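Asker: Just so you know, we're using this note's numbering here: the sequence shown kicks off at 196 and counts up by one.
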Amino acid sequence: MFKVCKYLNGYFFNMKFFLFTCIFFLFLLPAHSNDSLWISGATKFRPLVLGDEKIKGYVGEKIDACIANSIKTMDVSILVAPFKTRIETRYWQSEFWGKWFTAACDAYRYTNDPLILAKLKQAVEGLMATQTKDGYIGNYKQEARLKEWDIWGRKYCLLGLLSYYEISKDKKVLGSAKMLADHLIKEIADRNISKFGNFRGMAASSVLEPIVLLYNYTKDARYLKFAEAIVAGWEQADGAKLISKSINGTHVAERFPKPKNWFSPENGQKAYEMMSCYEGLIELYKVTKKEEYKAAVEKAVKDIIDTEIMITGSGSSLECWYGGKDKQCIPAKNMMETCVTATWIKLCNRMLQLTGKPEYADEIEKAFYNALLGSMTPDGKSWSKYSELNGHRHLGEMQCGMPLNCCIASGPRGMMVIPKMAIMMDKYGPVVNLFGNIKAKIKLENLDVSITQESFFPKSNEVVIYVDPSKKAVFNLKIRIPAWSDQTSITVNGDILNSIKPGSYLEIKRKWSKGDKVVVKLDLKGKILTDENKRHFAIQYGPLILAADQRLNSGQNCQYYEPVMDKLQQINCRLVESADPDIYFLAKLPFRTGGQLTELNLTDYASSGNTWNRDSGYMVWFPYLLDPREK
196 MFKVCKYLNG YFFNMKFFLF TCIFFLFLLP AHSNDSLWIS GATKFRPLVL
246 GDEKIKGYVG EKIDACIANS IKTMDVSILV APFKTRIETR YWQSEFWGKW
296 FTAACDAYRY TNDPLILAKL KQAVEGLMAT QTKDGYIGNY KQEARLKEWD
346 IWGRKYCLLG LLSYYEISKD KKVLGSAKML ADHLIKEIAD RNISKFGNFR
396 GMAASSVLEP IVLLYNYTKD ARYLKFAEAI VAGWEQADGA KLISKSINGT
446 HVAERFPKPK NWFSPENGQK AYEMMSCYEG LIELYKVTKK EEYKAAVEKA
496 VKDIIDTEIM ITGSGSSLEC WYGGKDKQCI PAKNMMETCV TATWIKLCNR
546 MLQLTGKPEY ADEIEKAFYN ALLGSMTPDG KSWSKYSELN GHRHLGEMQC
596 GMPLNCCIAS GPRGMMVIPK MAIMMDKYGP VVNLFGNIKA KIKLENLDVS
646 ITQESFFPKS NEVVIYVDPS KKAVFNLKIR IPAWSDQTSI TVNGDILNSI
696 KPGSYLEIKR KWSKGDKVVV KLDLKGKILT DENKRHFAIQ YGPLILAADQ
746 RLNSGQNCQY YEPVMDKLQQ INCRLVESAD PDIYFLAKLP FRTGGQLTEL
796 NLTDYASSGN TWNRDSGYMV WFPYLLDPRE K
């Protein structure tokens with residue numbers, strides 16, 4: 196593990212001036228909502244102003260740790276340095292600035308922390324100071340421009356600049372973004388952007404997202420024209436065929452032949468870059484309303500859910516789709532890249548806003564509690580590059596001669612999605628997507644509404660929601676009923692509600708008064724999950740996937756244990772307190788081994804292995820013992 200920075204690197208002359216500057220900018224720049232994802236009438240759900248939503252409890256502590264130790268500790272001078280030298284010909288360090296910066300913008304909106312704001316200002320001014328007269332911001336040599344990861348890095352610079360403009364409304368920042376985009380458009384000219392860079396042009400053409408956002412801010416038709424040209428290029432010879440192959444039902448892992456060189460322009464299965472393109476396509480659909488764009492993303496996301504996403508909520512091997520859902524019991528190289536996990540959460544959040552369908556919130560919940568939290572160190576200081584289902588946790592290599600890597604930069608971006616989607620709103624009222632200790636202030640027409648959740652979920656099945664409007668009023672409250680909760684009960688001021696279905700939203704329309712109390716009781720229980728061949732089993736408890744950690748089961752070979760199930764094919768989970776503060780969930784479960792009844796101690800996947808060494812090897816998938824007497 197490492198420390199990324201020396202605190203603010205002597206940026207301010209003294210502490211008094213530093214605090215004065217922070218407070219000045221705090222009042223100068225209010226935290227705005229993330230409007231880049233919201234176009235009136237184009238989406239079903241709308242995020243709240245991030246500062247109007249606060250999360251406490253287990254989830255809130257993890258978000259706070261990420262902000263305090265991954266985001267606030269970054270030495271921005273390290274991130275800006277590569278843009279000053281422009282000597283790169285091959286690598287991707289130009290992404291690090293924009294990844295950190297966009298997460299930091301979200302963290303500022305969420306916390307209103309003046310220290311973060313000051314760091315953002317330092318970072319954006321440092322980056323803009325490197326911009327050439329012709330508009331280029333990047334770290335590549337002149338002769339290497341447009342190759343490898345050059346356009347990819349420019350994309351992240353654009354995203355960062357636009358995120359800061361959204362907060363500050365600083366015209367200089369928008370002007371810098373326009374210069375950067377204009378320079379790229381001039382360089383590409385009439386050529387197909389898919390011909391440049393890696394992975395069938397998906398890395399380069401993922402610049403689609405900030406180009407569309409730039410159009411939204413400027414209404415300059417040139418940017419919309421360029422965005423449409425990017426998408427058209429996908430369908431040309433050697434393009435990624437991100438629309439046609441999706442609509443035709445081609446699996447994301449089977450769109451192109453297996454490449455001779457895995458990390459090469461020929462590989463069309465690269466997961467992170469593919470999803471990044473689909474994020475941009477959603478933004479373009481919101482502007483153009485072209486149904487084939489929406490259909491392509493919906494079908495691609497469904498295929499990823501059906502064929503790639505594992506029980507912990509992420510996927511990929513060697514950073515590519517590989518049909519991993521049906522192969523997840525087979526140890527694979529470099530499983531579940533954290534860049535993939537974070538981008539999957541971001542893509543599902545966009546789909547949740549666009550469609551209002553609860554399955555996307557289900558996917559975010561699963562990925563967050565398992566794959567994402569499992570990839571973050573308990574203190575929030577660093578992130579794994581890959582996460583195994585059976586194995587141990589380890590940090591990835593440092594990249595590009597810098598003290599971080601792509602996944603350390605990506606992890607916080609996934610984490611900062613959670614405050615955006617925990618509670619949203621539609622045109623009828625608040626929408627509760629996640630459960631826990633969450634408080635939100637919502638502005639409806641001529642009405643302020645406070646939503647307060649109190650719960651120890653997911654250790655506890657009960658969630659109490661207090662609804663406090665500023666005056667008596669009729670509006671709707673939507674509550675997500677998780678797909679894993681087979682039998683959910685809900686009462687409003689003691690009155691029992693009916694027609695509650697798993698995998699849906701329960702919509703409560705009534706005249707609400709201050710102090711109204713909604714009680715949700717979820718169906719938390721141990722479920723046995725089996726693999727495609729019914730040769731392995733895993734255990735799910737609500738959104739949590741459980742794992743056997745060798746710290747908790749000393750001297751026991753968990754490969755020879757079979758679960759003891761009740762008549763409903765469920766396994767009893769007896770929750771106990773953990774003496775280790777880094778183990779969140781601990782339960783004793785009944786097993787049979789050698790004909791004897793016993794118990795194993797299981798923890799949640801995110802807590803398993805979190806000594807980050809071989810002392811805490813863990814196992815999610817247990818093998819069923821082969822019985823030759825059975826068919």
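Ideal Cβ placement from N, Cα and C applies to all residues, glycine included.
Just so it is clear, the structure is predicted and the values come from calculations on it, not from any experiment.
Beta-carbon separation of Gly-396 and His-587 under 9 Å?
Answerer: Here the question's residue 396 lines up with position 201 in the sequence shown. Here the question's residue 587 lines up with position 392 in the sequence shown. No, the Cβ-Cβ distance between Gly-396 and His-587 is not below 9 Å.
Asker: How would you label Ala-432, buried or exposed, when you count the other beta carbons within 10 angstroms and need 16 or more for buried?
Answerer: Taking the first residue of the sequence shown as position 1, residue 432 is located at position 237. Exposed, by the Cβ-count rule.
Asker: What number of angstroms, rounded off, separates the C-alpha of Phe-240 from the C-alpha of Gln-745?
Answerer: Taking the sequence shown and counting its residues from 1, the one referred to as residue 240 is at position 45. Taking the sequence shown and counting its residues from 1, the one referred to as residue 745 is at position 550. Those two C-alpha atoms are separated by around 43 Å.
Asker: What does the Cβ neighbour count give for Glu-514, buried or exposed, with the cut at 16 atoms within 10 Å?
Answerer: Here residue 514 refers to the residue found at position 319 when the sequence shown is read from its first residue. Burial call: buried.
Asker: Give me, in chain order, the residues of the same chain whose beta-carbon lies closer than 7 Å to that of Trp-457; leave out the 5 immediate sequence neighbours on both sides.
Answerer: Position 262 of the sequence shown, counted from the first residue, corresponds to residue 457. Around Trp-457: Leu-513.
Asker: My output table needs one value for Phe-817: the three-state DSSP class, helix, strand or coil.
Answerer: Residue numbering aside, residue 817 sits at position 622 when the sequence shown is read from its first letter. Note: Phe-817 maps to strand in three-state DSSP.
Asker: Could you give the first and the last residue of the continuous beta strand (DSSP E) run that contains Met-323?
Answerer: Taking the first residue of the sequence shown as 1, we reach residue 323 at position 128. First-last for Met-323: 309-323, but that is the alpha helix (DSSP H), not the beta strand (DSSP E).
Asker: To test your reading of the DSSP string, which unbroken beta strand (DSSP E) runs of 3 or more residues are found completely within the stretch 724-803?
Answerer: For the stretch 724-803, whole beta strand (DSSP E) runs of length 3 or above, ordered along the chain, are 731-736, 739-744, 781-788 and 791-799.
Asker: Under DSSP, the alpha helix (DSSP H) around Ser-358 begins and ends at which residues?
Answerer: Here residue 358 refers to the residue found at position 163 when the sequence shown is read from its first residue. Per DSSP, Ser-358 belongs to the alpha helix (DSSP H) from 345-363.
Asker: If we call anything under 9 Å between Cβ atoms a contact, is Gly-721 one with Ile-766?
Answerer: One-based indexing of the sequence shown puts residue 721 at position 526. One-based indexing of the sequence shown puts residue 766 at position 571. In contact: Gly-721 and Ile-766 (Cβ atoms closer than 9 Å).
Asker: Any idea which residues DSSP pairs Asp-621 with across the strands?
Answerer: For this step, residue 621 is matched to residue 426 along the sequence shown. Gly-624, per the DSSP bridge assignment.
Asker: Output needed for Ser-228: all residues of its chain with C-beta closer than 6 Å, excluding positions within five of it in sequence on either side, in chain order.
Answerer: If you number the sequence shown from 1, residue 228 lands on position 33. In this prediction, Ser-228 scores a pLDDT of 45, lower than 50, which makes its location untrustworthy; the coordinate-derived value is nonetheless stated afterwards. For Ser-228, where only same-chain residues beyond five positions count, the Cβ hits under 6 Å are Val-244.
Asker: Look at the Cβ atom of Lys-465, then the Cβ atom of Asn-393, and state whether they are nearer than 9 Å.
Answerer: Taking the first residue of the sequence shown as position 1, residue 465 is located at position 270. Taking the first residue of the sequence shown as position 1, residue 393 is located at position 198. Closer than 9 Å, so yes.
Asker: With DSSP as the reference, please indicate the residues paired to Tyr-305 in a beta bridge.
Answerer: Against the sequence shown, residue 305 aligns to sequence position 110. Partner(s): none; Tyr-305 has no beta bridge.
Asker: For my contact list, Tyr-819 and Leu-741 are in at a C-beta cut-off of 8 Å; report their separation, rounded to the angstrom.
Answerer: For the purposes of this step, residue 819 is taken as the residue at position 624 of the sequence shown. For the purposes of this step, residue 741 is taken as the residue at position 546 of the sequence shown. Actually they are not in contact, since the Cβ atoms of Tyr-819 and Leu-741 sit about 17 Å apart, beyond 8 Å.
Asker: Going by DSSP, which residues form a beta bridge with Trp-578?
Answerer: The sequence position of residue 578 within the sequence shown is 383, counting from 1. Bridge partners of Trp-578: Met-571.
Asker: Between Ala-562 and the rest of its own chain, which residues show a CB-CB distance below 7 Å, the 5 nearest in sequence each way excluded?
Answerer: If you number the sequence shown from 1, residue 562 lands on position 367. Gly-508, Ser-509, Thr-536, Trp-539 and Ile-540.
Asker: Measuring only the C-alpha atoms, how far is Gly-321 from Ser-272?
Answerer: Taking the sequence shown and counting its residues from 1, the one referred to as residue 321 is at position 126. Taking the sequence shown and counting its residues from 1, the one referred to as residue 272 is at position 77. If you take the alpha carbons of Gly-321 and Ser-272, they lie about 8 Å apart.
Asker: Do Phe-421 and Ala-490 have their C-beta atoms closer together than 9 Å?
Answerer: Sequence index remark: in the sequence shown, residue 421 carries index 226 (1-based). Sequence index remark: in the sequence shown, residue 490 carries index 295 (1-based). Cβ atoms of Phe-421 and Ala-490: not closer than 9 Å.
Asker: The beta strand (DSSP E) spanning Lys-279 covers which residue range?
Answerer: In the sequence shown, counting from the first residue as 1, residue 279 sits at position 84. Run containing Lys-279: none in the beta strand (DSSP E); it sits in the alpha helix (DSSP H), 271-280.
Asker: Given this structure, state the Cα-to-Cα distance separating Glu-449 from Tyr-517, to the nearest angstrom.
Answerer: As a working mapping, residue 449 is identified with position 254 in the sequence shown. As a working mapping, residue 517 is identified with position 322 in the sequence shown. If I take the Cα positions, the gap works out to 8 Å.
Asker: Please classify Leu-781: is it buried, with 16 or more other beta-carbons within 10 angstroms of its beta-carbon, or exposed?
Answerer: To locate residue 781, count along the sequence shown from 1; it is residue 586. When all chains shown are included, Leu-781 counts as buried.
Asker: What is the DSSP secondary structure of Arg-675, reduced to helix, strand or coil?
Answerer: Here residue 675 is taken as the residue at index 480 of the sequence shown, counted from 1. Note: Arg-675 maps to strand in three-state DSSP.
Asker: How is the beta strand (DSSP E) around Trp-707 delimited, first residue to last?
Answerer: Counting from one through the sequence shown, the residue named residue 707 turns up at place 512. 699-707 is the extent of the beta strand (DSSP E) around Trp-707.
Asker: If you follow the beta strand (DSSP E) that Ala-435 is part of, which residue opens it and which one closes it?
Answerer: Here residue 435 is taken as the residue at index 240 of the sequence shown, counted from 1. Counting along the chain, Ala-435 falls outside any beta strand (DSSP E), and DSSP gives it neither H nor E.
Asker: Quick one: grab the DSSP three-state call for Ile-504.
Answerer: For the purposes of this step, residue 504 is taken as the residue at position 309 of the sequence shown. Ile-504: coil per DSSP, three-state reduction.
Asker: Where does the unbroken beta strand (DSSP E) through Arg-648 begin, and where does it stop?
Answerer: Reading the sequence shown from its first residue, position 453 is the one you call residue 648. What sits at residue 648 in the sequence shown is Gln, not Arg. Its beta strand (DSSP E) spans residues 642-649.
Asker: How many angstroms separate the CA atom of Leu-549 from the CA atom of Asp-621?
Answerer: In the sequence shown, counting from the first residue as 1, residue 549 sits at position 354. In the sequence shown, counting from the first residue as 1, residue 621 sits at position 426. Rounded to whole angstroms, Leu-549 to Asp-621 spans 11 Å at the Cα level.
Asker: Out of curiosity, what's the CA-to-CA distance linking Phe-278 and Lys-704?
Answerer: On the sequence shown, residue 278 is found 83 positions in, with the first residue counted as 1. On the sequence shown, residue 704 is found 509 positions in, with the first residue counted as 1. C-alpha separation (whole angstroms): 54 Å.
Asker: By the DSSP assignment, the beta strand (DSSP E) with Asp-711 in it spans what residues?
Answerer: In the sequence shown, residue 711 corresponds to position 516, counting from 1. Taken as a continuous stretch (DSSP letters only), the beta strand (DSSP E) holding Asp-711 covers 711-716.
Asker: Name the one or two DSSP bridge partners that Asp-690 has.
Answerer: Taking the first residue of the sequence shown as position 1, residue 690 is located at position 495. Val-687, per the DSSP bridge assignment.
Asker: Can you check DSSP and say which residues form a bridge with Met-530?
Answerer: Taking the first residue of the sequence shown as position 1, residue 530 is located at position 335. DSSP, once it has assigned bridges, lists Ser-512 as partnering Met-530.
Asker: Within the continuous alpha helix (DSSP H) that includes Glu-423, where are the two ends?
Answerer: The sequence position of residue 423 within the sequence shown is 228, counting from 1. Where Glu-423 is concerned, the enclosing alpha helix (DSSP H) stretches over 416-429.
Asker: Can you list, in chain order, the residues of its chain whose CB lies under 8 Å from that of Thr-306, leaving out five sequence neighbours each side?
Answerer: Here residue 306 corresponds to residue number 111 of the sequence shown, with the count starting at 1. So the list reads Gly-246 and Ile-262, once near-sequence residues are dropped.
Asker: By the three-class DSSP mapping on this structure, what secondary structure does Ala-635 have?
Answerer: Reading the sequence shown from its first residue, position 440 is the one you call residue 635. Strand at Ala-635.
Asker: With H, G and I counted as helix, E and B as strand and the rest as coil, what does DSSP make of Val-254?
Answerer: Numbered from 1 along the sequence shown, position 59 holds the residue referred to as residue 254. Three-state DSSP puts Val-254 in a helix.
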